[in-house]
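For reference, the structure discussed in these notes is given below.
2 protein chains.
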Amino acid sequence: MASQESRRITAADVARASGVSRATVSYVLNDTPGQTIPESTRQRVQQAADELGYVPSIHARALASRSTGIVVIDSSTIPPGALVAGATRSLSRGLVDRGYVPVVNQYTGADEAGEVLVTLAQRLQPVAVVALGGLDPALTALLEQAGVERIVAPSPGDDPASERIGELAEVQIAYLADRGHRRVVYVTPAEPELAALAELRLAGARGAAAAHDVSLTAIPLHEQEHLADELARLHADGATAVAAYNDEVAVGVLGAAARAGVDVPGALAVIGIDDLPLARRTHPQLTTVSQSDGAAQLEIVDVDAVLAGRTAILPHPRPRVVVRGSA
Amino acid sequence: MASQESRRITAADVARASGVSRATVSYVLNDTPGQTIPESTRQRVQQAADELGYVPSIHARALASRSTGIVVIDSSTIPPGALVAGATRSLSRGLVDRGYVPVVNQYTGADEAGEVLVTLAQRLQPVAVVALGGLDPALTALLEQAGVERIVAPSPGDDPASERIGELAEVQIAYLADRGHRRVVYVTPAEPELAALAELRLAGARGAAAAHDVSLTAIPLHEQEHLADELARLHADGATAVAAYNDEVAVGVLGAAARAGVDVPGALAVIGIDDLPLARRTHPQLTTVSQSDGAAQLEIVDVDAVLAGRTAILPHPRPRVVVRGSA
DNA sequence: GCCATCCACTTACGCGCTTCAGTGTGGTGT
DNA sequence: ACACCACACTGAAGCGCGTAAGTGGATGGC
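Line by line, the protein sequences are chains A and B. full-length UniProt numbering puts the first residue of the first sequence at 1, with every later residue one more than the last. full-length UniProt numbering puts the first residue of the second sequence at 1, with every later residue one more than the last.
Shown next as structure tokens:
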């Protein structure tokens, strides 16, 4: 069933069409410094390229120049949201305008070790990796080993997302302890693919609980009816607060509490993690731990600065509690 | 400041280490059919590759075999959400396991013409593009022209996501009309990047409203306090139901209603779209329009089938109302 | 008038890989 | 004893490009 298999247009085609050699085509199209090329030739080549719809092969380019022009924008260590989306978008635009090929690696909630990122780096051999959410030293090392020249991350070197996962739970517990809660329930997600992350969070929570002298009970996010019963029981048992694995789980806690008729925050305080847009939409609005400082921070204006590695994108994303109605 | 620039490990290194030729290395590592290679050699090569940490260059591979192994997973035509995230995740996993390099192209709300997708296709020369949200014929043509061999889209040829977007709103309105609601409020998201989609939804809703003789008022998802007031006012004005752009917006509506003391579903029915896990976590639980026959449908199990183009990824996702507590 | 420059190019190599077309060796069939 | 063939490989071409090195011709200086 093979048909006209329209061959890819190469620099050789452009050369033929404009009556010069391939080298000249390359020099013109890349504005190679140190070459003197008259405007007339330049235009002829340019026009031929346009007319033929020539698109250089990044693969051949990568081989020849050992530099791909690919930039991986990694947001795998930071949960999605408007901030990340905005940063990704503006960065992508800027990169495309400069002739780079941006490739994004999204947050999936299941790439603890950054394997996807490393695989991508190994296979695609990007010139740069821009990690919006930070990178731990181990990952950074792996990326360097994979041959990535430029690694751009916020506050390079200091605590990576994987370490912060537990820390966020510590912040929750500390906050609750501070408000006088002594018996708190930790609700983890039911999805098996989040189990590993949940373990990290729980570890952090347990550490903080010990330090602050609060007793901690962990339960998974059951189906609403069941959870409502459980919450009612635990509350009757003396629990006065629940810390949720993240905001989405917290919504489930809020729902179950409402169903059980347990007043939030009066009878039970609830705190999440992530500060998703969702957190502002519940009733009561969700108190939560945010990983980023203020919205504007993430809008990347100076793409060149980012590429030069001079700008930390999310400087010091020190977690902080955003106090709303639920705790 | 150049240092030890650790050279990339190539197939030649593996060949040298295992005492065979580069050709043999290639045959072993790719399981090239039609070659007879004894288990012993196979193992020697494999081991050498492992020990050296050999990672083939997709760029060289692309040049030589005119097939990159890159698969673009495009969700630029379908708004983000847990469904898409899940599908993307499972597809990526499957692809990586099979030696492909998945590259995702996310929804940005600003790529109406699919330029990003086309650019990506042109530069990366993927073997396949998997469009989770469907593709219109023009785009498909452009991709083919860019040399993409396999283009996988749901129910190929028929309505792309952009058409279905409005249809979902029609289902919402039809359901509400059916339950006797005559005055309904449509709540759209506030994010500017969703404006275009919201317009599509609204158009569908308006069409259905006209057909079912219901009057429709559209408002954006304001900040909670404001929305609560507005909802109270609209309810006093005779509105008995609200249809939300999607489940996440619906959560905001539920929150505002609770704040305003408007009973759901007694005084005000609320219906969402997407059937996210979230929909089961609110109180009352959210009645919503599901795009898939049960959540599992979007989890792509058979990656091979997808790659072979034999599977529409979202097979006939006939929207249906999942009735829960809120409407 | 002659060599040095500069200009405007071209030639040719090699990046790391796949793959086609061999090549030598040992075993079978007759 | 010889042809034949499967086996287990190897050699080398070439994918599309960047780029170092070269080439021939027009100027310029002295």
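Ideal placement from N, C-alpha and C gives every residue a C-beta, glycine not left out.
Looking at the DSSP output, S290 of chain A sits in a beta bridge with A:R320. By the beta-carbon neighbour count (other beta carbons within 10 angstroms, threshold 16), D275 of chain B is buried. Among the residues of chain A, those whose CB is under 7 Å from the CB of A258 of chain B are H283, following chain order. Between A146 of chain A and the set A:L124, A:V84 and A:V321, the nearest pair of CA atoms involves A:L124. For the pair A250 of chain A and L286 of chain A, the CB atoms are nearer than the 7 Å cut-off.
The beta carbon of G255 of chain A sits closer than 7 Å to some beta carbon of chain B.
Look at D263 of chain A here: in three-state DSSP terms it is coil, with no helix or strand label.
Between Q106 of chain B and V104 of chain A the beta-carbon gap is near 6 Å, inside 8 Å, which marks them as a contact. According to the DSSP assignment, T188 of chain B belongs to the beta strand (DSSP E) that extends over R183 to T188.
Boundaries around P137 of chain B are those of the alpha helix (DSSP H), P137 to Q145, since no beta strand (DSSP E) includes it.
According to DSSP, L216 of chain A shares a beta bridge with A:V184.
By the neighbour-count criterion, in which 16 or more other beta carbons inside 10 Å mark a residue as buried, T32 of chain B falls on the exposed side.
One finds L278 in chain A with Cβ atoms closer than 7 Å to the Cβ of E248 of chain B, taken in chain order. DSSP places I58 of chain A outside any beta strand (DSSP E); the residue lies instead in the alpha helix (DSSP H), whose first and last residues are I58 to S65. Using a CB distance cut-off of 7 Å, H59 of chain B counts as an interface residue toward chain A. Judged by beta-carbon spacing, A256 of chain B lies beyond the 7 Å limit of L278 of chain B, meaning their Cβ atoms are not closer than that value. C-alpha of G272 of chain A to C-alpha of D136 of chain A: approximately 24 Å in a straight line. Sixteen is the threshold: since fewer than 16 other Cβ atoms of the shown chains lie within 10 Å of the Cβ of S67 of chain A, the residue is exposed. Annotated three-state conformation of R8 of chain B is coil, per DSSP. Just so you know, the alpha carbons of L268 of chain B and H235 of chain B end up roughly 7 Å apart.
The Cβ atoms of A243 of chain A and V184 of chain A lie closer than 7 Å to each other. In this chain, V25 of chain A is not harboured by any beta strand (DSSP E); it is covered by the alpha helix (DSSP H) spanning R22 to N30. Residues of chain B whose Cβ lies closer than 7 Å to the Cβ of G252 of chain A are, in chain order, R281.
With contacts defined as CB atoms closer than 7 Å, D50 of chain B and A131 of chain B fail to qualify as a contacting pair. The C-beta distance from V187 of chain A to I219 of chain A rounds to 6 Å, short enough to meet the 8 Å contact threshold.
Of the candidates A:L139, A:R281 and A:G69, A:R281 places its Cα closest to the Cα of A228 of chain B. If the five residues before and after A141 of chain A are omitted, its C-beta is found closer than 6 Å to no C-beta atom of its own chain. Contacts with chain B (Cβ-Cβ distance below 8 Å) from the segment 76-105 of chain A involve P80, A82, A85, T88, R89, S92, V96, V101, V103, V104 and N105, listed in chain order.
T41 of chain B does not reach chain A, its nearest Cβ partner there being about 25 Å away, counting only Cβ pairs nearer than 8 Å. With contacts defined by Cβ atoms closer than 7 Å, L200 of chain A and G238 of chain A do not form a contacting pair. A buried status is given to R164 of chain B, since no fewer than 16 other beta-carbon atoms sit within 10 Å of its beta-carbon.
R324 of chain A and V253 of chain A have their alpha carbons spaced roughly 16 Å apart. Counting only residues of its own chain and dropping the five nearest sequence neighbours on each side, A169 of chain B has a CB closer than 6 Å to the CB of R201, G204 and A205. Proximity of V264 of chain B to chain A, defined by a Cβ-Cβ separation below 7 Å, is not satisfied.
Secondary structure of G94 of chain B (DSSP, three-state): helix.
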